[in-house]
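Okay, so here's the structure we're looking at.
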Amino acid sequence: VDTHEPDEKSLITYISSLHEVFPEPPAIHPLYDSAAQQRVYEYRELASALHLWMREKYSLMQDRSFPTTLIEMKKIAAELSRFRTDEIPPRQSDKNYLNQLFRDLEKYFKAIGEVDVEPELHIDNVERNWQRLMAAYQERDRHVQEEIKRLEKLQRLAEKVHREIKQTDSGLDTIERTIGNESRRIERLHPLEAKKIADQLDQDLATAEGNIQALITDVNTLRNGRYAQAGELDKRVKNLHERWVHLRQLLHNKIVGPLSNLSFPVQERIVTKHTRTVQETRNVETNPHFRSLQEHIEWCKSKLKQLKKADYGNDQQSVQTERNIHQNEHKQIDHFHGKVEACVKARQYFSGEELALYNQHLGQLQKVYADLLSFSTNRMADLDSLYEFIQAATTELHWLNEKEEVEVTRDWSDVKINVDSVEKYYEHLMSKLEKREEQFSAVQEKGEFLILQQNHPASKAIEAHIAAMQAQWAWILQLTHCLETHLQNSRNYQQFFKDVQTAEEWLKEKDDVMNTEFSQGDFSLDVGERLLQGMQTLKDELNSFGDQVQALIARSQEIVPLKQRRQPVTRPLTVVAVSNYKQNNFVIEKNKECTLTDNSGRIKWKVHNEKGIEAQVPGVCFVIPPPDKDAIDGAERLRRQYDRSIALWQKKQLRLRQNMIFATIKVVKGWDLPQFIAIGAEQRNAIRRALNEDADKIMAEGDPSDPQLRRLKREMDEVNRLFDEFEKRARAEEESKNQTRIFNNQISSLQQALDEAERVINKRVIAHLPRDIDTLQHLVLEHKEFESRLQNLEPEIEQVKDTFRSITLKTPQHKKDLEKVLDKWKYIWNTSNLYIERLKCIEIVLTGMEDATLVISEFESKLALFSELPSTEKGLEGVHDDLLKLQSAVGQQQIAMDQLNDDFDNTRRLTEKSRPNQRGPHTDVDRLDKEIQKLNGRWSNVCVQLADRLRGCEQAYNLLKNYKKPKETEDSWLDEHYGKLENLQPIKERAKEHLESTRNLLNSVYERAPIIEQVNVNGGRFIREG
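Using my numbering, read the sequence shown as starting at 81 and increasing by one per residue.
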């Protein structure tokens, strides 16, 4: 902007730099009294907290959606009591302190104006809201107490209905049994007695009908009062009425109908009964023992009726009260046994009809007292078991309520909450729940046992407590889900802002480094190089850090707005349920969206579910979905800071490059010609090119009016002129050395290539001979490639010769180097040619060995077929012809075997020649020699066996001829004489006439025996030797 007419962009840049230089203005005016401002801030913070608390509690006190169970209503009453004793006193102290603080501030600011606070935080508004909250609290407490009284009344009525249903049902059972029993003996009874039974049954049914009508009235009352189990009780009463109708029909069919056909004297019954009644009345009025007996009977009946109508209670306190009352009643009933015994002893004062009448009344007393004592004992046991269960259930409910209170009152809007401590509490809570579940289930099982196995008369109260336990347990489990979700959200929130703070501190640290270490103006090349490397490292760090910044920006979109949970809702807000929740007809499911309309309650929020139903629901059940404005702002602030750091790096990098060029120019100006030449042309050109490129870039990037850039241009012109002068002088000396350098480079490069080729060919000639054709073919292909590469070096050989001839000042070393290369070139080609000859010889040998092996195996197989000779002359002649053909083929193969041995000798010679430096044996050649000798051995064996087969065939043929003809002659002679022997008649008489001819036949056989024996000897020899 240091111009007469700066442009708009320059002004904006200048003003922005001023904003970056000057610090942020303080939040409080510096001329204000800091102590007074601090007190105003204290008042505003405390008043805001109290204002939010009163808004929350007022919204809660306005709620009139009460639960339908007595246990939950008493829980609400307990919460109100806790509110009165635990929350109101400290808040009232805060209000009084605010009042005093505001009055003090009023006096202080009286001279300069009123206290600067928001209208809703003015002390008058605070007082007005406080009075309104107290009135709402008293009104809610009154409604809650009225609702509790109403529910207690309904509970007592329900228990009364339950007891009377059981009693009426038991009475109907008795009537049904009586009808069944009496219907079987109706015709055997006296008509008067049968009539009496029928009247009694009719009276019992009428009494049952009255009880059922009363039950119907009571059930309607329960229905109108919206009692939870009214429907179930109504169903049981209807079943009782249906059963009563059935029994009345049964009475008419089985007793009244048959009885109407009988006749009996009504007058007699009336007179007898009247007489008996008059006599009983007179005894009661005149005899004190009769009167005492009658009073005892009335007392027992009255006490039994009283106990049957007595209540059992519906919570721990009322059950305890009923239990204490009945303990006294039971003691009184137990002590009454002495009076019954006194009545028994009083029988001694009666005789005759009076004794019989007394005994009848005494039996009635004993029966009624026994029933009373039994009922009292059972009621005492029922109250004990009920109290034990209610006490255990109440303990469990209190424990669950304590855990619930912790969760629903936990302030998840506190961004500084100790998440590690809460997480430890969560783990401890889950462990406690797991351990408590067994005890909890035992209490439930005990209640179910009282209902199902013992048919407890207070089953409704037990069922209500079991239901409350189950509901509270399920609710606690849902709260653990809420705790887990909120805990994760808080951890993510704190970790995000911690990461943002760490990132901001890191960027600030890098900015400080750039403003100090990398802001040097004059330095050497070494220092400049180090600084450039440091700037490059810093750039890499900044680029890498950019990924972290982007990751934090992305994470900011997922941060849950915790602070918004305590901020007033100015318009309907979408929230997401993190647990299931059900209250009367209001139901929400986990992960479903609801609409928040009021969050002023500390515990409960006013929300609408998907169906549009409104209810007060604990705020812990909901999470406000991302994003969080503070997280977005923090990420954006970090991004701007990162951009500023990148811009600062670019500015420092540009200035550093300028100073680096000036330092390089300073060094170049200090060179002389020897130093210039010593650097080397490539490096000199690189330095010059780098200087010009860097200078061009800097001048293109910078401001043309910058004095440093104008100086840079002048310095670069001088340096370029200096470079041109040095180059011209160095070129003259360089040309004289160029040819020598080229020769040395060519010799060196060629020497390396030939060394490598020599190493390869030497390695190949000392390698073992191939054992098969495939390996041989692979070696041939490899060597062809080798010779191809070697042939490519020939132009380089010619080039180095030309270069040598072009050197004017040749030295003996140059000549020696050239001769060394040419000698090695010749040696490599000679060795390569010898190696090729060796490969050709070994190829011939391996091929010959394969062919010989196949032929020998074929000959061996054919010879194996002649191991047994035929037994006929024609067959022997055929075998002999085949053997002769085979002998001819063997003669032809002998030439190939001889050639194979000659080829191997040639291979051995070439191999040994190609390995002039090897002093020991050639193991691979020896191994090949053994394989050749093995083939020679097999070939010799074939020739020997063939000669043996021919000799054996000829010998067998001669033996067969010597044996066959004599055998035929002897066979004819034997057939002839055997026929003569067969023709001789059996000798029975005149034996002497036949003696001579028989003896002559025997003698001729004896004489022929040597000839036959010789024929057998010849046959045996044929078998053995043929």
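From the three backbone atoms N, C-alpha and C, an ideal C-beta is built for every residue, glycine too.
In terms of residues, what are the limits of the alpha helix (DSSP H) holding residue i?
{"i": "W492", "result": "W492 -> no alpha helix (DSSP H), and no H or E assigned at all."}
{"i": "D253", "result": "I203 to R264"}
{"i": "K709", "result": "K709 to K749"}
{"i": "I922", "result": "P892 to A944"}
{"i": "A538", "result": "Taken as a continuous stretch (DSSP letters only), A538 belongs to no alpha helix (DSSP H), as it is neither H nor E."}
{"i": "K691", "result": "Note, K691: premise wrong, no alpha helix (DSSP H); not H, not E."}
{"i": "N997", "result": "Where N997 is concerned, there is no enclosing alpha helix (DSSP H), given that its DSSP letter is neither H nor E."}
{"i": "E186", "result": "I168 to Y188"}
{"i": "S604", "result": "Run containing S604: none; DSSP gives neither H nor E here."}
Return helix, strand or coil for residue i, following the three-state DSSP convention.
{"i": "W685", "result": "strand"}
{"i": "V697", "result": "strand"}
{"i": "F146", "result": "coil"}
{"i": "T596", "result": "helix"}
{"i": "F823", "result": "helix"}
{"i": "L849", "result": "coil"}
{"i": "I108", "result": "Bear in mind that the predicted position of I108 carries a pLDDT of just 48, short of 50, making it unreliable; the figure below should be weighed with that in mind. Reduced to three states, the DSSP call for I108 is coil."}
{"i": "F884", "result": "helix"}
{"i": "F702", "result": "strand"}
{"i": "A308", "result": "coil"}
{"i": "G626", "result": "helix"}
{"i": "P875", "result": "helix"}
{"i": "P345", "result": "Residue confidence is low: P345 scores 43 on pLDDT, short of 50, so the model does not pin down where it sits. Its coordinate-derived value is still stated next. It is coil, neither helix nor strand."}
{"i": "S785", "result": "coil"}
{"i": "E267", "result": "coil"}
{"i": "N367", "result": "coil"}
{"i": "R336", "result": "First, the amino acid is wrong: residue 336 is Val here, not Arg. Residue state, collapsed to three classes: helix."}
{"i": "Q647", "result": "coil"}
What is the residue span of the beta strand (DSSP E) that residue i lies within?
{"i": "T675", "result": "E673 to D678"}
{"i": "L653", "result": "L653 to A657"}
{"i": "G662", "result": "The residue asked about is misnamed: residue 662 is Lys in this sequence, not Gly. Start and end: Y661 to Q663."}
{"i": "V667", "result": "F666 to I668"}
Which same chain residues, not among the five before or five after residue i, have their C-beta less than 8 angstroms away from its C-beta?
{"i": "L943", "result": "L966, V1022, Q1025, L1026 and R1029"}
{"i": "D933", "result": "For clarity, residue 933 is Thr in the given sequence; the question names Asp instead. Cβ neighbours of T933 beyond the five flanking positions: L1015."}
{"i": "R306", "result": "T148"}
{"i": "Q879", "result": "Q826"}
{"i": "C562", "result": "E487, V658, S659, V700 and C701"}
{"i": "Q407", "result": "M460"}
{"i": "E267", "result": "P338"}
So, for residue i: in the same chain, excluding its five sequence neighbours on each side, which residues have a beta-carbon less than 7 angstroms away from its beta-carbon?
{"i": "L201", "result": "R124, A127, S128 and H131"}
{"i": "E867", "result": "S912"}
{"i": "Y112", "result": "Low local confidence applies: a pLDDT of 49 at Y112 is under 50, so the model's placement there is unreliable, with the coordinate-based value given in what follows. Closer than 7 angstroms at Cβ, skipping near neighbours: no residue."}
{"i": "E1093", "result": "none"}
{"i": "K904", "result": "L834 and E838"}
{"i": "I296", "result": "V317"}
{"i": "M740", "result": "G608 and L612"}
Spatial neighbours of residue i within its chain, please: C-beta separation below 6 angstroms, excluding the five flanking residues on both sides.
{"i": "H417", "result": "none"}
{"i": "G527", "result": "F469, I542 and I546"}
{"i": "P103", "result": "Note that P103 scores a pLDDT of 49, beneath 50, so its modelled location is shaky and nothing firm can be said."}
{"i": "E638", "result": "P706"}
{"i": "Q280", "result": "none"}
{"i": "I350", "result": "Annotation note: pLDDT 39 at I350 (below 50); position unreliable, coordinate value reported separately. The answer is none, since no qualifying residue turns up."}
{"i": "K732", "result": "M594 and F598"}
Using 7 angstroms as the cut-off, classify the Cβ of residue i as near or not near the heavy atoms of the ligand FAD, replying yes or no.
{"i": "L477", "result": "What this structure holds is no ligand at all, so the ligand FAD is not there to describe."}
Given 8 angstroms, three or more beta-carbon pairs between the stretch 983-990 and the stretch 925-934: yes
Completely contained alpha helix (DSSP H) runs for the stretch 372-457, where each covers 4 or more residues: As far as the stretch 372-457 is concerned, its whole alpha helix (DSSP H) runs of at least 4 residues are 396-415 and 417-425.
Inter-stretch contact at 8 angstroms, needing at least 3 Cβ pairs: the stretch 136-145 / the stretch 217-230: yes
Contact between the stretch 527-536 and the stretch 489-500: three or more CB pairs below 8 angstroms? Counting Cβ pairs under 8 angstroms, fewer than three are found: no touch.
Can at least three beta-carbon pairs, one atom from the stretch 601-612 and one from the stretch 651-671, be found at a separation below 8 angstroms? No contact exists between the stretch 601-612 and the stretch 651-671.
At least three beta-carbon pairs within less than 8 angstroms, the stretch 150-160 to the stretch 388-396: yes
With a cut-off of 8 angstroms, do at least 3 Cβ pairs link the stretch 676-683 to the stretch 635-655? yes
The stretch 223-240 / the stretch 371-391 touching (three or more Cβ pairs under 8 angstroms): They touch, by the three-pair rule.
Please specify which runs of the alpha helix (DSSP H), each continuous and at least 4 residues long, are wholly inside the stretch 951-1039, giving them in chain order. 953-994
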